[in-house]
Ligand code: DHB
Ligand code: FE
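Numbering (the numbering used here), first residue to last: 10 to 297.
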């Protein structure tokens, strides 16, 4: 059977992608950010998964305001990096895993979560920046990401957005789905976006280190309690885009301890301010 070996959590700041693509990662502004991922890139080579189930949000790129699925699962063979206004990022096409994605869609919908099935979709910085941070730069033509990726897009852009509780419960259902797939795949689940940031209005530039670090502590030790945090607390404390953090609860809900297994091992924890307008947070949790 397939198994979830670990969960990874990381911010997805688009300027990080630009810094990498334009060869600026060695600059003094960016160096502390990328230093925080040196461990992670090494860890990825030592703990290479067969598939990454990547929870992220689309930023009105694949889905415009014409159509806004709350939860969308990418079931295609491949996903092209999107043109977000400056041309597509020079990174490899993302290979999907249609067979596992279709199985997860079947199982999760049968567990009473309504998913939108997406058979054609471009992927924006929400998905490609976490891949770059964890896997390093890859040549767009001759290179490849280390394994297939199932994109799972969550609406955290246009209200109403799903609650942390619903995301956490969905993570439990995704775990059951993955662990009922009849092939011995090593699957990682990633929760991305966050941490505190607000991009517009009078509070633009808001960062809340205290909130972010308390969120990381509670995500590790008390995810069930964290799932009760109402959406308005994210917006008040972590800024309007801080709501992206509810996606981390999907990945956390899929970990073994939530289903009665042992507590995960914290393999890595990193926090840094600033990166563009965002606080960067990052965790790697391993199932024992
Ligand atoms: C920034 C952060 C985001 O999450 C995003 O989607 C766009 C911009 C920023 O920090 O500039
Ligand atoms: Fe974002």
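Backbone N, C-alpha and C define an ideal beta-carbon position, used for all residues, glycine too. It should be emphasised that the depicted structure is a prediction, and the values quoted were computed from it without experimental measurement.
Between which two residues does the alpha helix (DSSP H) harbouring residue 283 extend? Residue 283 -> not in any alpha helix (DSSP H); beta strand (DSSP E) instead, spanning 274-284.
Using beta-carbon positions only, say whether residue 220 and residue 247 come within less than 8 Å of one another. yes
Helix, strand or coil: how does DSSP classify residue 73 here? coil
Give the straight-line distance between the Cα atoms of residue 163 and residue 262, rounded to the nearest whole angstrom. 15 Å
Contact test: residue 285 Cβ vs the ligand DHB heavy atom, cutoff 7 Å: Residue 285: yes, Cβ under 7 Å from the ligand DHB.
Would you check if there are 3 or more beta carbon pairs closer than 8 Å linking the segment 150-166 to the segment 80-87? yes
Taking a cut-off of 7 Å, which residues have a beta-carbon closer than that to any heavy atom of the ligand FE, in chain order? 21, 66, 68, 135, 202, 250 and 253
Would you decide whether residue 314 is buried or exposed? Buried here means 16 or more other CB atoms lie within 10 Å of its CB. Because residue 314 is not part of the residues shown, which for the chain are 10 to 297, the question remains open.
Answer with buried or exposed for residue 22, where buried requires no fewer than 16 other C-beta atoms within 10 angstroms of its C-beta. Label assigned to residue 22: buried.
Between which two residues does the beta strand (DSSP E) holding residue 295 run? 287-295
Let me check understanding here. Comparing Cα to Cα, which of 98, 180, 236 and 45 lies closest to residue 172? 236
Quick check: what's the CA-CA separation for residue 133 versus residue 84? 16 Å
Taking the alpha-carbon of residue 129 as reference, which of 72, 30, 288 and 24 has the nearest alpha-carbon? The shortest C-alpha separation from residue 129 is found at 72.
When we look at the beta-carbon of residue 31 and count the other beta-carbons within 10 Å, is it buried (16 or more) or exposed? If you draw a 10 Å sphere on the C-beta of residue 31, you find fewer than 16 other C-beta atoms in it, and that means exposed.
Less than 8 Å between the beta carbons of residue 183 and residue 62, yes or no? yes
Taking the straight line between their C-alpha atoms, what separation do you get for residue 16 and residue 283? 24 Å
What do you reckon, are the CB atoms on residue 102 and residue 87 nearer than 8 Å? With contacts defined as CB atoms closer than 8 Å, residue 102 and residue 87 qualify as a contacting pair.
Tell me whether the beta-carbon of residue 194 lies closer than 8 Å to the beta-carbon of residue 250. no
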